[in-house]
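Remarks on the structure that follows.
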Amino acid sequence: MFRKLTPLLAVVLLFACAVTYYAPHDAETETKLMALQSKAEFFYQTTATELEAERSLSLETQNRFYGETQEILGNLQNKAESYLNNKDTVHELALLRESFDIAQDLQAHGFRVLDEVLLIQKAMDSHFRALLSLERAKPQRRDR
Amino acid sequence: MPDIDPKELAQQMLRAAMDAAGDSWDEVSKEVEWELSILAGSLSLLYQLQLAGVVDDEQAKKQFAIQKNTAEAWKYTLQGKALVGAENAVNAALAAVRQFISDTFGWVIFF
Chain A
1 MFRKLTPLLA
11 VVLLFACAVT
21 YYAPHDAETE
31 TKLMALQSKA
41 EFFYQTTATE
51 LEAERSLSLE
61 TQNRFYGETQ
71 EILGNLQNKA
81 ESYLNNKDTV
91 HELALLRESF
101 DIAQDLQAHG
111 FRVLDEVLLI
121 QKAMDSHFRA
131 LLSLERAKPQ
141 RRDR
Chain B
145 MPDIDPKELA
155 QQMLRAAMDA
165 AGDSWDEVSK
175 EVEWELSILA
185 GSLSLLYQLQ
195 LAGVVDDEQA
205 KKQFAIQKNT
215 AEAWKYTLQG
225 KALVGAENAV
235 NAALAAVRQF
245 ISDTFGWVIF
255 F
């Protein structure tokens, strides 16, 4: 009797499980990314406004923005790494940190035309959208 | 040096993205088409700035690296969404089997 039931039980147990190929959606990550996206948008808009007025943001202001941004992204990257099957988000965050590093270097040497700021602003905004698009597509965490 | 046609560049990028996305393309096509057109426009602008001597080679390389990182980010988003789509499809199939077992044998399976 038990031998006959074993395959059936195995099938039942198999279908009792839901597969998880991917890390769950993280609401805190989404909120922090949205906040940082707005902050970056404001920063580059201010940079453009200053450039139009033939001024530039102080090095102190620049360093504060890029320092805070790296700290937030570093924390998000650590959190992303703590999930299994989350390597796409981890890679995207690492690339974004690298982009902000490059942008800091470019800005420290000074921009000559608005287009230089616009290029960075658009690229960063698109990068945030890529991260958010993936985060929102992730499966919702199932509470048992 | 030849000019870059942003529309042609966007089309080339789009074809490459479609190949990479495979079956998940329909779901993400509009979003990615829009992003690739922005990226193509940026690359064209960067090229013009470099030709006009507004940015030097070093600055252009750094600007290009930022654009490349953004393009790569979208590649990872496409990959991830394809996997999430596969997970949803498999889980929908498993849920149907669970329902069948429940209807047939009267067993309620919790997960």
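Just so you know, the sequences run in chain order A and B.
First residue of the first sequence: 1, per the numbering used here; consecutive thereafter.
First residue of the second sequence: 145, per the numbering used here; consecutive thereafter.
The beta carbon of each residue, even a glycine, is placed where N, CA and C say it ideally should be.
Under 8 Å Cβ-Cβ, which residues of chain A neighbour residue 225 of chain B?
-> In the second sequence, the residue the question calls residue 225 of chain B occupies position 81. Within 8 Å of the CB of residue 225 of chain B, the CB atoms of chain A belong to 133, 134 and 137, in sequence order along the chain.
Consult DSSP for residue 149 of chain B and reduce its assignment to one of helix, strand or coil.
-> As a first step, residue 149 of chain B must be located in the second sequence, where it is residue number 5. Of the three classes helix, strand and coil, the one that applies to residue 149 of chain B here is coil, per DSSP.
Could you give the DSSP three-state label for residue 196 of chain B: helix, strand or coil?
-> Taking the second sequence and counting its residues from 1, one reaches residue 196 of chain B at position 52. It is coil, neither helix nor strand.
Examine chain B for any beta-carbon lying closer than 9 Å to the beta-carbon of residue 21 of chain A, and answer yes or no.
-> The residue given as residue 21 of chain A occupies position 21 in the first sequence. Interface residue, yes.
Determine the chain B residues that contact residue 130 of chain A at a beta-carbon separation under 8 Å, and present them in chain order.
-> Here the question's residue 130 of chain A lines up with position 130 in the first sequence. Result: 179, 214, 217, 218, 220 and 221.
Within the region 206-237 of chain B, note down every full alpha helix (DSSP H) run reaching 4 residues or more, in order along the chain.
-> Correct list: empty.
Reduced DSSP secondary structure (H/G/I, E/B, other) of residue 85 of chain A | Taking the first sequence and counting its residues from 1, the one referred to as residue 85 of chain A is at position 85. Secondary structure of residue 85 of chain A (DSSP, three-state): coil.
Return the CA-CA distance between residue 58 of chain A and residue 202 of chain B, expressed in angstroms with no decimal places.
-> Along the first sequence, read from residue 1 onward, the residue named residue 58 of chain A stands at position 58. Along the second sequence, read from residue 1 onward, the residue named residue 202 of chain B stands at position 58. Whole-angstrom Cα-Cα distance: 23 Å.
Sorted by chain position, which residues of the same chain lie with C-beta nearer than 6 Å to residue 193 of chain B's C-beta, five sequence neighbours on each side aside?
-> Locating residue 193 of chain B in the second sequence gives position 49, counting from the first residue. Once the five neighbours on either side are set aside, the close Cβ partners of residue 193 of chain B are 199.
Start and end of the alpha helix (DSSP H) containing residue 123 of chain A?
-> As a position in the first sequence, residue 123 of chain A is number 123, starting the count at 1. 114-137 is the extent of the alpha helix (DSSP H) around residue 123 of chain A.
With 9 Å set as the bound, which would you pick, yes or no: does the beta-carbon of residue 155 of chain B sit closer than that to a beta-carbon of chain A?
-> The count along the second sequence starts at 1 and reaches residue 155 of chain B at position 11. Answer no: the Cβ-Cβ gap between residue 155 of chain B and chain A never drops below 9 Å.
Three or more C-beta pairs closer than 8 Å, one from the region 66-81 of chain A and one from the region 151-158 of chain B: is that the case here?
-> Short answer: they don't touch.
Hey, how far is the Cα of residue 249 of chain B from the Cα of residue 228 of chain B?
-> Along the second sequence, read from residue 1 onward, the residue named residue 249 of chain B stands at position 105. Along the second sequence, read from residue 1 onward, the residue named residue 228 of chain B stands at position 84. Cα-Cα distance, rounded: 31 Å.
For residue 69 of chain A, which three-state DSSP category applies?
-> Within the first sequence, numbered from 1, the residue matching residue 69 of chain A stands at position 69. Reduced to three states, the DSSP call for residue 69 of chain A is helix.
With 9 Å as the C-beta to C-beta threshold (strictly closer), list the residues of the region 25-43 of chain A near chain B in chain order.
-> Listed by position, the residues of the region 25-43 of chain A near chain B (Cβ gap below 9 Å) amount to none.
Taking the C-alpha atoms as reference points, what is the distance between residue 73 of chain A and residue 93 of chain A?
-> Locating residue 73 of chain A in the first sequence gives position 73, where the first residue counts as 1. Locating residue 93 of chain A in the first sequence gives position 93, where the first residue counts as 1. Here the alpha carbons of residue 93 of chain A and residue 73 of chain A stand approximately 7 Å from one another.
Okay, do the region 109-122 of chain A and the region 47-56 of chain A touch, 3+ Cβ pairs below 8 Å being the bar?
-> Enough Cβ pairs lie closer than 8 Å, so yes.
Using the C-alpha atoms, what's the distance from residue 85 of chain A back to residue 141 of chain A?
-> For this step, residue 141 of chain A is matched to residue 141 along the first sequence. For this step, residue 85 of chain A is matched to residue 85 along the first sequence. In a straight line, the C-alpha of residue 141 of chain A is about 14 Å away from that of residue 85 of chain A.
How is the alpha helix (DSSP H) around residue 49 of chain A delimited, first residue to last?
-> One-based indexing of the first sequence puts residue 49 of chain A at position 49. If you look at residue 49 of chain A, you'll find it in the alpha helix (DSSP H) that goes 27-52.
Leaving aside the five residues before and after residue 173 of chain A along the sequence, list all residues of the same chain whose C-beta is less than 7 Å from its C-beta, in chain order.
-> The requested residue 173 of chain A is not part of the displayed model; chain A covers only 1 to 144.
Give, in chain order, every residue of the region 187-198 of chain B whose Cβ lies closer than 7 Å to some Cβ of chain A.
-> Contact annotation: in the region 187-198 of chain B, residues whose CB is within less than 7 Å of a CB in chain A are 189, 190, 193 and 198.
Given a cut-off of 9 Å, decide if residue 218 of chain B and residue 180 of chain B are closer than it, judged by their beta-carbon atoms.
-> The residue given as residue 180 of chain B occupies position 36 in the second sequence. The residue given as residue 218 of chain B occupies position 74 in the second sequence. Closer than 9 Å, so yes.
According to DSSP, is residue 186 of chain B helix, strand or coil?
-> Taking the first residue of the second sequence as 1, we reach residue 186 of chain B at position 42. Of the three classes helix, strand and coil, the one that applies to residue 186 of chain B here is helix, per DSSP.
If you count every other CB in all the chains shown that lies within 10 Å of the CB of residue 149 of chain B, and 16 or more means buried, which is it?
-> As a first step, residue 149 of chain B must be located in the second sequence, where it is residue number 5. Exposed, by the Cβ-count rule.
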